[in-house]
Structures are given as C-alpha cells and as structure tokens.
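Some notes on the structure that comes next.
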Amino acid sequence: MDERSLHRLIGTVIAPERLEDDCAVIPCGNLAMVASTDMLHETTDFPTGMTDWQVGWMAVAVTLSDIASMGAAPGQVLLAVGLDRPQRLRGIMEGARDCCIAFGAELVGGDLDAHRELTIVSTGLGTVAPEYLVRRRGARPGDVIAVTGPLGEAQAALAGYYRHRKELLEPQPRVREGQTLGRAGVSAMMDISDGLALSLHDLLAVNDCGFAVDTARLPLPAGVPEDEGRALALYGGGDFELLFCVPPGILPVPGVEAHVIGEVIAERTVLADGKPLERRGYLHEWGS
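Heads up: the sequence shown begins at 84 in this note's numbering, then just goes up one per residue.
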C-alpha cells in the first residue's frame, strides 16, 4: 500500500473532504486558519551530506510550502524532534528558526524526544481571508495549467548535476507567490513536492475535469540532457514549486514567475502530449 491508499482509509474514519488539500482549514473569526503537519525521517527524507542546519531548514520548508499552496500567510511553527544525538539539536533548531524568519513565520515551540533515527515533525499554522483561500478543488475546463518555476532541479541535484545542491538541500517554499496567486484569483493550487505527474493525478481525484500538459512547455532543469530533464520534470520529487490552474487572461501576475504548461479539459484524465500520463512520483510505500 502507498501513502495515498492509506489516505483513502483515513477518509473512512474522518470526513474525506478534510483530506483533499495540503492543509486543514479551520474557521478563525473573519479569517480562515490553515494547518499542516509533516513527518521527516533521516533515511528517507534527508539526503546524505546535509548539515544539521539544513535538516532544520528543510523540516520547516516542507510545511511552509503546504501553507503557501492554500494562498495563506504563515504564522507559527512547532517542531517536534526525535533526536538521535544530542549534539545535533542546536544546528537543527537554528536552521528551523532561520527558515521561519526568511518566510515570515515564527518558531514558537514543540517537543523533544530520543529516537534511534532522527525524526522531525513540523506543524505550521497560517491565515488567509476566506475569499483568497485556494483549494485543490476548483479547476474548470478552459483554465490554463501553470507552475511557479523550474521542475526536476532537486532530483538533478541528487543525481550530481549541481555542485552545491542548494536546490535539493535548502528548498525555497513559494510563500509570497502563493499569497499573490490567491489574491489574483487562481481556481486551484497545490504544492508539487511529490512530482508533477503525481500532483496532476491528485488534482484529478478531486475535480470533475481533466488535465492535459505539453511537455515541450515544461521548464526543465538547467544543465541536464533534454530527455532526462523532461523525465525529472514529470516524475522527480523534491521541487517546492506550486502547481495551479487559472482562468485565461489572468496571467501574467506581477511578481510571480509562471510557466504555462497545459490546459484543463472536460474529460477526466491526465494527458501528456495527448497520451495518458503515468501516475508516478515520490510515494511513501509500505509492505503488505
């Protein structure tokens, strides 16, 4: 069973619509509060060679990226650290704090425990005016499909194409862009860290329409052969970009780098260059 199969199981226990987005949405006076939590493990989520500071930065960045996908402004972050070695704590906490500061959030506390494998749980809260809240559901035929930046760079860095690997080890969540796109009137949006193909199938699961992309329009990772770069752009995980749908005529949005890669279609399918696009990307998997 993979992660998304288990999500469907959870949907038999709590309201399944609660599972559709990158964040839970909670009424909060005149605003909507969004809440997200992410669990990261050293062996599966932190590439070899990361500093403790980078580990802390990434742990916060994944949660801030979820908040950005809802069009929300980040507020507070809690960090629970299952620590394998005590001497790692300062670097991790400083990286988490610095990521919060860089994107307008505040690290306010958390929990600490001893673990055999370094495990970090980051929980973030954000707020947004209800009229600017963006969900995964809402795409309409005729909308254009776009992404906020190059795809496949994290996997290209993992494969050794980039010397400094900042694209992989110090991801930059699109917090400002998410808020700007929400105010501009995008119809659907999500974080793309599990890969473009898988993310398009996630949108398919909650919308009554389909998605067709033109791979010639994908913003490919620099310095990678074209065929490999296209595969990384479609299926590689670790990119902290936003995938969104928007009615024609709204783009360009000032201050947002946006690459149009396709259009929303009436048929409920996901196509690349007119052919079915494989549902493949980064998935947590468990044995049976």
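For each residue, glycine too, the CB sits at the ideal point set by N, CA and C.
Only a predicted model underlies this, so the values are computations on that prediction, with no experimental measurement involved.
In this chain, the beta strand (DSSP E) harbouring Leu326 covers Leu325 to Val329. Here Cys106 has Val117, Ala118, Ser119, Asp149, Ile150 and Met153 as same chain residues with Cβ atoms under 7 Å from its own Cβ, once five neighbours each way along the sequence are excluded. Leu201 is the residue among Leu201, Ile97 and Gly243 whose C-alpha sits nearest the C-alpha of Pro169. Taking C-alpha positions only, Asp167 is separated from Pro304 by approximately 35 Å. Only residues of its own chain outside the window of five on either side were considered, and among them Arg248, Glu250 and Leu251 have a CB closer than 7 Å to the CB of Ala240, listed in chain order. For His247, there is no enclosing beta strand (DSSP E), as DSSP marks it with neither H nor E. Taking each of Val145, Glu260, Arg91 and Lys358 in turn and checking the Cα distance to Phe327, the smallest one comes out for Glu260.
Note that the C-beta distance between Gly364 and Leu301 is not below 8 Å. Non-local beta-carbon contacts of Leu162 in its own chain, meaning distances under 6 Å to residues more than five positions away in sequence, involve Ala179, Gly193 and Ser205 in chain order. Cα atoms of Val336 and Ala185: separation of roughly 23 Å, rounded to the nearest angstrom.
Contact between Leu234 and Glu346 does not hold, since the beta-carbon distance rounds to 18 Å and is not under 8 Å.
Under the three-state reduction of DSSP output, Val143 falls in the helix class. Contact annotation, Gly174 with Thr134: C-beta distance approximately 6 Å; criterion of less than 8 Å satisfied. In this chain, Gly268 is not harboured by any alpha helix (DSSP H), its DSSP state being neither H nor E. Closest in alpha carbon position to Ala295, among Val307, Pro256 and Leu279, is Leu279. Nearest neighbour of Met273 by Cα position, chosen from Gln262, Leu286, Leu123 and Gly357, turns out to be Leu286. Distance check between Ala222 and each of Ala271, Leu264, Pro254 and Val191 places Ala271 closest, using alpha-carbon atoms only. Of all alpha-carbon atoms in Gly139, Thr231 and Pro110, the one lying nearest the alpha-carbon of Leu123 is that of Gly139.
The three-state reading of DSSP puts Met176 in helix, counting H, G and I together.
According to the DSSP assignment, Ala239 belongs to the alpha helix (DSSP H) that extends over Glu236 to Leu241. Within the same chain, Ala163, Val164, Gly165 and Leu166 come within 8 Å of Asp196 by CB-CB distance, once the 5 residues on both sides are set aside. When the five nearest sequence neighbours on each side are left out, the beta carbons in the same chain lying within less than 7 Å of the beta carbon of Arg101 are those of Ala107, in order along the chain. The beta carbons of Leu147 and Val258 sit closer together than 8 Å. Ranked by Cα distance from Ile228, the options Tyr215, Leu283, Glu177 and Tyr245 are led by Leu283. Per DSSP, Ala288 is one residue of the alpha helix (DSSP H) stretching across Leu279 to Val289.
Annotation for Gly232: Pro302, Glu324 and Glu340 place their beta carbon closer than 7 Å to its own, counting only its chain and skipping 5 residues before and after.
The C-beta of Pro99 has fewer than 16 other C-beta atoms within 10 Å across all chains shown, which makes the residue exposed. With contacts defined as CB atoms closer than 8 Å, Leu317 and Ala288 fail to qualify as a contacting pair. The beta carbons of Gly268 and Glu350 sit about 25 Å from each other, so the pair does not count as a contact at 8 Å.
Nearest in C-alpha terms to Pro224, of all of Leu360, Glu103 and Pro330, is Pro330. In this structure Gly265 touches Leu216 by the C-beta definition: roughly 7 Å separates them, less than 8 Å.
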